[in-house]
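Visitor: Here the sequence shown is numbered in the UniProt record's numbering, starting from 1 and rising by one per residue. Questions regarding the structure given below will be posed in turn.
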Amino acid sequence: MPPNAVHETCPPSKRQKTNHIPYSTHLSIENTDRDFDRRPESGRREWKHRLIPKTNSTEWGAGQNASDRAGLVSETNEYNERLLRTYHRSLSKSDVVLLVSSPFGDRFWSVSRDAADIKVGGLFIHITPLGYYPTTQLLKAPRTFFPQLTIDGYINPRKFLTDADLHSLQALFPESVGARIFISGFLCILFPTVTTLKRANCLEFPPEIGGLPVLLDIADFTLTAQDVESGAALADEEAKSTACLGLKIRLPDGTTALTTVTHAFIPNPSRCKFNLRIADWITRAINALSQFRNPLLGHEAPAFGKTHQSRTDDIIGKELRLFTTNAAIGKITRCYDNPSRILPYPSGYHHDLSLIQGNALPDVMTPPGYPPISEWAPHSEVLAGAPLYATAMNAKTQRWRVIEGEKVPSVVENAVLLGSQYFWEREAYRADVSLLWRTVDHVDSASGYSGSVLCTGVPGGSGQGKAALFQNFEAGLRVWNNPPMFANIKGGFLLPTEIRNSVIVARDPQPQPQYNTLPQHSRLWTHGRRSLSGP
C-alpha cells in the first residue's frame with residue numbers, strides 16, 4: 001500500500017454514454033511505431049518489479065568513500081545491486097527502489113524520487129509513479145463486463161498507442177483528458193479536476209489495462225517559458241515572456257523560418273479554482289444537454305470543454321527580438337495551435353509550435369563541443385532507447401545563455417525517455433501526442449527552456465545530432481515517497497508532418513583555434529621565430 005493512502009466512500013455513480021467514433025492522432029506516425037503487435041492471453045508478457053532493500057555491508061567502506069565507489073560501477077549484477085541501492089547518490093535517498101525487467105527487453109532501475117543521474121551501474125533510472133490515491137478497484141478482481149472497451153493484448157510502452165486504444169481508454173474514463181504510458185510499466189489516466197477524478201474512481205474499471213497497472217491523477221503542467229528578466233534568447237515585449245530559439249528550417253515550399261513555442265507569446269489561463277469550476281460546470285452542462293440530442297448522431301458532447309473561437313490571431317504578426325541584442329528577427333507567421341481562452345494548458349495545443357519568418361533571421365548554432373544538428377530523428381529511434389541529450393540553440397551572437405539561480409547549465413548533457421503522453425479532445429476526436437523525459441543532474445525547474453531541442457546522439461561525439469522534438473512543458477510526477485513528493489519531468493509534442501519534411505539549416509559551431517608550433521606550408525619565416533611559453 002502506498003504511503004498516506006486514503007480511501008473514500010463513493011456515492012452511486014453512473015457511467016456516461018460512450019461514442020463509437022474512433023480517435024485519431026492526426027500525425028504521420030509510421031505503423032511500425034504503433035503498438036499493433038499484441039499477443040493474446042496465451043502469450044502473456046510478464047513484468048517483474050523486484051524491490052531492492054538496503055544492506056548493512058561495509059564492503060565498499062562507509063560514507064563518501066562508499067558513495068564514490070558506487071559511482072564507478074559500470075555493471076549491475078546480483079552481487080552489487082544492494083550495495084548500489086545503499087550507497088549510490090541517486091538510489092540511497094529513495095524510499096522505494098525497484099529493479100524492473102520489462103517483457104519487451106528492458107532492464108532498469110525505478111525509483112520513488114528525482115535522481116541526479118540517468119544511469120547507475122550501466123542501467124537507466126526511471127521513476128515509479130503514484131496515482132492521486134489508490135483506486136477503489138485495486139483489491140478487486142479485473143472486471144470483464146466491458147469487453148468491447150478493453151485493450152487486447154499487452155501494451156508495449158516503447159510504441160505509440162493505436163487509435164483504437166485511445167478510443168477504448170476514453171470510453172472507459174469518459175471524463176478523462178489524457179493518459180501517460182510509462183516505460184517503467186504503468187498507465188496513468190489524467191483528469192482535469194479532483195472532482196472528475198473522484199467520480200471516475202468510484203466507477204468500476206479494470207485495475208490493469210494492457211498488462212499495466214492503472215493510476216489516476218490530475219493533469220497539471222508547468223510552462224517552461226519565463227519572464228524577460230531572467231535572460232533567455234527570444235523576447236516579446238507585450239507578453240513579457242521568453243523562450244529558446246528552436247531550429248532554423250527550410251520548409252517544403254522553399255521558405256525559411258525559425259521555430260519557437262506558441263505558449264511563450266500568448267496569454268494562458270491559470271489553473272485557479274474559479275476557472276476550473278467554470279470549466280467543470282460548462283462540461284457538465286454540455287453533457288446534460290447532450291441527453292436531448294438525436295441518438296442517431298452516434299456521439300455526444302465532449303467531457304472536457306473545447307474553445308470554438310480561434311486565438312491564432314492573438315499571435316500571428318507579433319514581432320520577436322533577440323533578448324541579448326534587442327535585434328528584431330522577424331514576425332510569427334504560422335501557428336499550429338488553437339489555445340483555449342478558459343481551460344489551462346495544454347487545451348487547444350496540438351504541437352505548441354509557431355514559425356518566425358523575416359528578412360533578418362539569424363543563423364543558429366549548437367553550443368561549442370556539441371555536434372551540429374543535421375536531420376530529424378525517426379520516432380522509432382527515440383522510442384527504442386537511443387542516447388538522448390537536450391540543447392538550447394544559440395543565435396550567432398557568441399553569447400551563450402545562462403539561467404541564474406537554477407541548477408541548469410546552458411546545455412543539458414544527457415536525458416532518458418520516460419514514456420509517452422496523450423491529451424485528447426472528445427469533440428474533435430483527436431489526441432495530441434507528446435514524449436516525456438528527464439535530464440541528468442537537473443532536479444529543479446528549467447523555466448526558460450521552452451523550445452530547446454531534444455536530440456539523439458552523444459554530446460561531444462564526432463557524429464551528427466538528430467532533432468527529435470522541442471521541449472514544451474514540465475510536469476510534477478507524483479511518486480511513491482513519504483512524505484509525498486513530486487519528480488520533475490519534461491515533455492514535448494510530436495511535430496507536424498510539414499516540419500518533419502523540412503530541411504534543418506544549422507551552422508557548424510565555431511571551430512576552436514588550433515595552435516601549432518610546427519611550420520605550415522603558407523608560413524613566412526621572415527616574421528620571426530615562434531617560441532614555446534614556459535617558466
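Where is the CB? At the ideal position from N, CA and C, for every residue including glycine. These numbers come from a predicted model, not from an experiment.
Out of I489, R107, P371, I151, which one is the CA nearest neighbour of S434?
Guide: S434 has its Cα closest to that of I489, out of I489, R107, P371, I151.
Visitor: Pull up the distance between the alpha-carbon of residue 620 and that of M393, whole angstroms please.
Guide: Nothing in the structure corresponds to residue 620, since the chain is present only between 1 and 535.
Visitor: Are there 16 or more other CB atoms within 10 angstroms of the CB of G465, so buried, or fewer, so exposed?
Guide: Classification for G465: buried.
Visitor: Thinking V100 and H49 are a contact (beta carbons under 8 Å), I'd like their distance in whole angstroms, please.
Guide: Sure, about 5 Å apart at Cβ, within 8 Å.
Visitor: Kindly indicate the opening and closing residues of the beta strand (DSSP E) around H49.
Guide: 48-51 is the span of the beta strand (DSSP E), which, as asked, contains H49.
Visitor: Can you give me the start and stop residues for the alpha helix (DSSP H) that I499 sits inside?
Guide: Unbroken alpha helix (DSSP H) run through I499: 497-500.
Visitor: Are the CB atoms of T497 and C455 within a distance shorter than 9 Å?
Guide: In this structure, T497 does not lie closer than 9 Å to C455 by Cβ.
Visitor: In or out: Y79 buried (at least 16 other Cβ within 10 Å) or exposed?
Guide: So Y79 ends up on the exposed side.
Visitor: What residue range is occupied by the uninterrupted alpha helix (DSSP H) comprising R82?
Guide: Here the alpha helix (DSSP H) through R82 covers 81-87.
Visitor: Give me the Cα-Cα distance between D37 and S340, rounded to the nearest whole angstrom.
Guide: Each residue's Cα considered, the two are about 36 Å apart.
Visitor: Grab me the residues of G178's own chain with a C-beta within less than 7 Å of its C-beta, minus the 5 sequence neighbours each way, in chain order.
Guide: Same-chain partners within the cutoff: L190, A219, Q421, Y422, F423, W424.
Visitor: Which residue's Cα is closest to the Cα of K331: G348, P344, N359?
Guide: For the residues G348, P344, N359, the minimum Cα distance to K331 belongs to N359.
Visitor: My assumption, with CB atoms under 8 Å, is that A506 sits in contact with K93. Please give the rounded CB distance.
Guide: Between K93 and A506 the Cβ distance is about 40 Å, and since that is not below 8 Å, they are no contact.
Visitor: How about L130 and W109: do their beta carbons lie closer than 9 Å?
Guide: For L130 and W109, no; Cβs fall outside 9 Å.
Visitor: What are the boundary residues of the alpha helix (DSSP H) that includes S67?
Guide: Residues 63-72.
Visitor: Q170 lies in the alpha helix (DSSP H); which residues open and close that run?
Guide: It spans 163-172 - the alpha helix (DSSP H) in which Q170 sits, taken as one unbroken run.
Visitor: For a quick check, are the C-beta atoms of V479 and I118 less than 9 Å apart?
Guide: No, the Cβ-Cβ distance between V479 and I118 is not below 9 Å.
Visitor: Is it right to say L418 is buried, meaning 16 or more other beta carbons lie within 10 angstroms of its own, or is it exposed?
Guide: Flag for L418 reads buried.
Visitor: By alpha-carbon positions, which one of D352, P362, G385, D114 ends up nearest to A264?
Guide: Selected option, being the one with the closest Cα: D352.
Visitor: K318: which of G369, I266, Y345 sits nearest, CA to CA?
Guide: When each option's Cα is compared against that of K318, the closest is I266.
Visitor: Quick check: what's the CA-CA separation for M1 versus A384?
Guide: For M1, the pLDDT reaches just 46, beneath the cut-off of 50, and the residue's location in the model is therefore unreliable, although a value from the coordinates is still provided. Computed Cα separation, rounded: 32 Å.
Visitor: Does DSSP put A360 in a helix, in a strand, or in coil?
Guide: Coil, per DSSP.
Visitor: Let's see if you can read the secondary structure: which residues bound the alpha helix (DSSP H) around E381?
Guide: Per DSSP, E381 belongs to the alpha helix (DSSP H) from 379-383.
Visitor: Per DSSP, which one or two residues make a beta bridge with V97?
Guide: DSSP output for V97 lists V111 as bridge partner(s).
Visitor: Can you find the residues in the same chain that come closer than 6 Å, C-beta to C-beta, to A70, ignoring five residues on each side of it along the sequence?
Guide: Same-chain partners within the cutoff: L84, Y87, H88.
Visitor: What are the partner residues of V416, as DSSP defines its beta bridges?
Guide: In the DSSP output, where bridge partners are listed per residue, V416 has R438.
Visitor: Tell me whether L215 is buried or exposed, calling it buried when 16 or more other Cβ atoms sit within 10 Å of its Cβ.
Guide: The residue in question, L215, is buried, as its Cβ has 16 or more Cβ neighbours within 10 Å.
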